[in-house]
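Residue numbers (UniProt numbering), protein chains in the order written: chain A, 1 to 218; chain B, 1 to 243; chain C, 1 to 239. For each residue, glycine too, the CB sits at the ideal point set by N, CA and C. Below you'll find the structure, written out as structure tokens, and then a few comments.
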Amino acid sequence: MGDFDFDVILNNLPFLWQGLQLSLWLTFLAVLGGIALGTLLALARLSGIKPLAIFAAAYVNLIRSVPLILVIFWFYFLVPLALGRPIGGFYSALIAFVMFEAAYYSEIMRAGIQSVRTGQVHAGQATGLGYWQIQRYIVLPQAFRNMIPILVTQGIILFQDTSLVFVVSLRDLMTASSIVARTEGRLVEMYLFAALVYFVICFSGSLFVRRLQARMTT
Amino acid sequence: MIEMKNVSKWYGDFKVLTDCTTKVAKGEVVVVCGPSGSGKSTLIKCVNGLEPVQEGRIVVDGAEVTGSGAKLTKLRAKIGMVFQHFELYPHMSVRDNLCLAQEKVLGRTRKEAEARSETLLTRVGMIDHVAKYPGQLSGGQQQRVAIARALAMDPIAMLFDEPTSALDPEMIKEVLDVMVGLARDDGMTMMVVTHEMGFARKVADRVVFMDAGAIVEDRPTKEFFDAPESERAQDFLSKILQN
Amino acid sequence: MNYNWNWSVLWEPEYFGWLLSGLGWTVSVALCAWVIAIVVGSLVGVGRTLPNKVVSTLCTTYVELFRNVPLLVQMFIWYFAVPEMLPEDAGRWMKRDMPQPEFVTAVVALGLYTASRVAEQVRAGIEAVPSGLKSAATAQGMGVAQVYRYVLLPISFRLIVPPMTSEFLTVFKNSSLALTIGLLELTAQSQQIAEYTFQSFEAYTAATVIYVFIALCATIVMTVLERYTRIPGYVGKGN
């Protein structure tokens, strides 16, 4: 096995830390955007308006059939073209992630919305509340609350997915580790290090979800 | 106040309501009863448009419920409804449950809504629980709050869909007492789907008996109990009154 | 939006050939990895439910380890790090003499990763079997192995066919990660075409259409399997 060189990790810590920051920041923004867009898609699918429901279902099914790498390539190509000017890699990636994860979040929110008793909707309607008021004050708060563990789990998955920005050389943790690995010639240390960091964050996240679930069922 | 004319309804191929015609005048209390599956819950849900009808006409306080021009949201604000499973919003306190529609539909200020809520909660005997959440209350307590929530909109009529069917026996009385109070002291126009015949005898002006989606009898209370005309009503009453 | 449309590039023999070749690699990687995933995943999933503490802890460790590290990192570790970590001879063989190193590495990485997900499904399936059945079998004198063989596994495998459909489809999608270690699967080929012809829209659309087609086929296969293995009147829609 030879010599395992810890110094290479320590010497490059600031660089790696920046990569991790990008990963976390991308995850955070994509979760927010994904849940927002996903909720709208779920509402569209559950609305009685046929064309809207069909469009939302088609979008979700299309995205779920396709690999994330391809979606990243798509948006890297489409976004600057649509805007007519080059745009930072981060923003293209963010848009790709939001559009991609929204399909998955929409399925979660759809289950959440359907888990709210229809009597609740009736009670709201019976007092004269309109559709958006009912969604805003009665249905969505409950749907969201019911689905929090699954939403967080999806967030952890999203965090792992951000490693794919490697294919467009965006400097997240994975790409940063890779760069150091190549320039210093220390592949084993760097990739094991990256694996360790991801493991610690994701494993802690899943423990947190388990605590949440335990608390919710009591 | 409430008029239903020749109302028929289908769920796909299944005919749930057949040619139902009845009315509730202002200040009247009408009890709707019948065996399970007779369509009585469906009937009352048609009154405020929660269930659509394919045939017939429903008019409440001069406003159309059926037909394409119906302004259901406005109408529903004027009619109160109490559900079998209470349907209090579990993520809100009792106070917020009462204030939500007052603020968002009637446009009352928070202060006005809270004041009205407190009056009503006192009336139903739940003022001490104003900060609690529905999960912390018993069934009877939740239903009383639900009645107060419906009254908070200052409705012109109240609909009750089997309000005591989901309650343990010892809690039925507290809810029925509130309803009797509404009928006698407030002269509220009420349409009540229920099995509680004692309640019917006390305050109902008329009894509507349904079976298999159709209205079989529609008569003043005393006449209905003393001498039901149809065999089905006689059969039903004999089974119910045994308990 | 300035873009010159030219759909005919896709039909040019050279580029069409690239797409087919990419499709071939995608399907090969996915299917081979799936076989590994099913075999290893079932063993690990069953292992998690066994009363033997050592076995169940080992299996749990496997699952947590492979689930919480991104697939991309795992692939890189197998491809770049493992040859370095093995004893000299084995490492050299992996780097030089092993046939199709990209393919083999991708299959192993994807297979073991997916195995951890399959293990979770298998575990959930076994735990979903009502405990009364286990008691009934044990009461009849069946040993642990027999209980698993005749009661727990047959029922649980039928229960998990629907969620496994989604895992099967995911394996095809995840095969795209092999492009990072140089395997020219479908997504990589569409990127190549885009770079050579500047017809990115057409190239990516071709890949998208093919993936959707794969998804449809995978779903049909699993739906047929589900109908074939459904237990009458037991779960969900009965017969």
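Helix, strand or coil for residue i, going by three-state DSSP, please let me know.
{"i": "A:M1", "result": "Low local confidence applies: a pLDDT of 44 at A:M1 is under 50, so the model's placement there is unreliable, and no value is given."}
{"i": "C:D97", "result": "helix"}
{"i": "C:T60", "result": "helix"}
{"i": "A:D7", "result": "helix"}
{"i": "A:D172", "result": "coil"}
{"i": "B:D168", "result": "coil"}
{"i": "B:A63", "result": "strand"}
{"i": "B:A227", "result": "coil"}
{"i": "B:A131", "result": "coil"}
{"i": "B:L137", "result": "coil"}
{"i": "B:L159", "result": "strand"}
{"i": "B:V105", "result": "coil"}
{"i": "A:V66", "result": "coil"}
Report yes or no: is there a C-beta of chain E within less than 9 Å of the C-beta of residue i?
{"i": "A:R145", "result": "The question asks about chain E, but that chain is absent: this structure's protein chains are A, B and C."}
With a threshold of 16 other CB atoms inside 10 Å of the CB of residue i, please say whether the residue is buried or exposed.
{"i": "C:K237", "result": "Bear in mind that a pLDDT of 33 at C:K237, under 50, signals an unreliable position, so the model cannot answer this."}
{"i": "C:W5", "result": "exposed"}
{"i": "B:I240", "result": "exposed"}
{"i": "residue 259 of chain C", "result": "Since the first and last residues shown for chain C are 1 and 239, residue 259 of chain C lies out of range."}
{"i": "B:C46", "result": "buried"}
{"i": "C:E167", "result": "buried"}
{"i": "C:R92", "result": "exposed"}
{"i": "C:W78", "result": "buried"}
{"i": "A:S204", "result": "exposed"}
{"i": "C:Y148", "result": "buried"}
{"i": "C:W7", "result": "exposed"}
If you follow the beta strand (DSSP E) that residue i is in, where does it begin and where does it stop?
{"i": "B:E3", "result": "I2 to Y11"}
{"i": "B:L17", "result": "F14 to V24"}
{"i": "B:T189", "result": "T189 to V193"}
{"i": "B:P220", "result": "A214 to P220"}
{"i": "B:G80", "result": "I79 to V82"}
May I ask which residues mark the beginning and end of the alpha helix (DSSP H) holding residue i?
{"i": "C:A194", "result": "L186 to T197"}
{"i": "B:G56", "result": "It is not in any alpha helix (DSSP H) - B:G56 instead sits in the beta strand (DSSP E) that spans E55 to V60."}
{"i": "B:V208", "result": "Segment R206 to D211 is the beta strand (DSSP E) holding B:V208; no alpha helix (DSSP H) there."}
{"i": "C:L179", "result": "Taken as a continuous stretch (DSSP letters only), C:L179 belongs to no alpha helix (DSSP H), as it is neither H nor E."}
{"i": "C:V147", "result": "Note, C:V147: premise wrong, no alpha helix (DSSP H); not H, not E."}
{"i": "A:V209", "result": "L187 to T217"}
{"i": "C:V224", "result": "S200 to T229"}
{"i": "A:V121", "result": "T118 to A126"}
Determine whether the Cβ of residue i lies closer than 9 Å to any Cβ atom of chain A.
{"i": "B:Y11", "result": "no"}
{"i": "C:E12", "result": "no"}
{"i": "C:N174", "result": "yes"}
{"i": "C:M98", "result": "no"}
{"i": "C:A215", "result": "yes"}
{"i": "C:P130", "result": "no"}
{"i": "C:R67", "result": "yes"}
{"i": "B:A113", "result": "no"}
{"i": "B:I79", "result": "yes"}
{"i": "C:F16", "result": "no"}
{"i": "C:T208", "result": "yes"}
Leaving out five residues before and five after residue i in sequence, what residues of the same chain have Cβ atoms less than 7 Å from its Cβ?
{"i": "B:G39", "result": "V16, L17, M210 and G213"}
{"i": "C:M98", "result": "V104"}
{"i": "C:E185", "result": "G22, W25, T26, V29, S175, S176, A178 and L179"}
Sorted by chain position, which residues of the same chain lie with C-beta nearer than 6 Å to residue i's C-beta, five sequence neighbours on each side aside?
{"i": "B:D218", "result": "T22 and V208"}
{"i": "C:V63", "result": "S116 and A119"}
{"i": "A:A143", "result": "G112, I113 and V116"}
{"i": "A:T27", "result": "L158, F159 and T162"}
{"i": "C:A218", "result": "F168 and L169"}
Which same chain residues, not among the five before or five after residue i, have their C-beta less than 8 Å away from its C-beta?
{"i": "B:S117", "result": "R95, L98, C99, Q102, V130, A148 and A152"}
{"i": "A:A44", "result": "L52, A53, F55 and A56"}
{"i": "A:Q125", "result": "I134"}
{"i": "C:Y196", "result": "Y15"}
{"i": "residue 295 of chain A", "result": "Absent from the structure is residue 295 of chain A, since the part of chain A shown begins at 1 and ends at 218."}
{"i": "B:D226", "result": "none"}
Check the Cβ-Cβ distances between residue i and every residue of chain C, and say whether any is below 9 Å.
{"i": "A:I69", "result": "yes"}
{"i": "A:F166", "result": "yes"}
{"i": "A:Q160", "result": "yes"}
{"i": "A:S115", "result": "no"}
{"i": "A:S92", "result": "no"}
{"i": "A:M174", "result": "yes"}
Does any residue of chain B bring its CB to less than 9 Å from the CB of residue i?
{"i": "A:P51", "result": "no"}
{"i": "A:P141", "result": "yes"}
{"i": "A:Q18", "result": "no"}
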